[in-house]
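Residue numbers (the numbering used here): 1 to 251.
A virtual CB, placed ideally from N, CA and C, is assigned to each residue, including glycine.
What follows is a set of notes on a single structure, which appears directly below.
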Ligand SMILES: [Zn+2]
């Protein structure tokens, strides 16, 4: 007779019963406690940091999505990026839900308003950047900064639509049509030399006018961001002749 069969049947069943009880408890617990950040994802609280498990549970297709401009967003845009004289109808604009990772690898809920004609391709480009961990620090609507492009750039905010003139001119910017994107603008500034004097926008990004200065968010020719945008037919401001706009891609 083995030692095992000497144990009474009730005692033999005990480990199995304990395991079953534990499994039931774990299942019940996880049903009551879904991934931590599902709420932020469902409400799409742009700017929130979320974890991988929550993104998986919510579904990637919902994290890279195109919608018409929700009323709440349009109210926030009025008088800021959507100025009184805006000649682009609201129906031509789209609201994008996007994920991005910052240089620390944190997953952040991003948002963007763009023209409907580029909505799908921008969603694809940003999904590629996300999946390949291309660092983007912030991705909020410029309205969060009162529609003020300089404030948005200083915050290193990646954005698209803003019905505004090119700084210092009466010409409308490609951002006015929602067909231009600025990527990590603080570290990839606009640089121009006029009468031997260097002009940098934003001023806070002056040290990055020297493109040899490395940063977590430096955009260079041939990197994934540059390759994706140019492959989709965008021109890069870093390739312009007179002025260099290293953050800027436009169609
Ligand atoms: Zn730009």
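Counting C-beta neighbours from all protein chains within 10 Å, is the total for residue i 16 or more, i.e. buried, or is it exposed?
i, result
"residue 91", "exposed"
"residue 189", "buried"
"residue 205", "buried"
"residue 212", "exposed"
"residue 201", "buried"
"residue 14", "exposed"
"residue 228", "buried"
"residue 185", "buried"
Give the DSSP-derived three-state secondary structure of residue i in the structure shown.
i, result
"residue 163", "coil"
"residue 133", "coil"
"residue 82", "strand"
"residue 232", "coil"
"residue 190", "strand"
"residue 92", "helix"
"residue 252", "No answer is possible for residue 252: it lies beyond the span of the chain, which begins at 1 and ends at 251."
Thinking just about the alpha-carbon of each residue, which of the options is nearest to the one in residue i?
i, options, result
"residue 192", "248, 102, 242", "242"
"residue 110", "69, 212, 158", "158"
"residue 177", "12, 83, 15, 21", "83"
"residue 144", "217, 112, 43, 69", "112"
"residue 133", "60, 224, 123", "224"
"residue 124", "245, 231, 13", "231"
"residue 35", "75, 58, 115", "58"
Taking Cβ to Cβ, would you say residue i is nearer than 8 Å to residue j?
i, j, result
"residue 99", "residue 130", "yes"
"residue 163", "residue 63", "no"
"residue 147", "residue 81", "yes"
"residue 38", "residue 54", "yes"
"residue 249", "residue 236", "yes"
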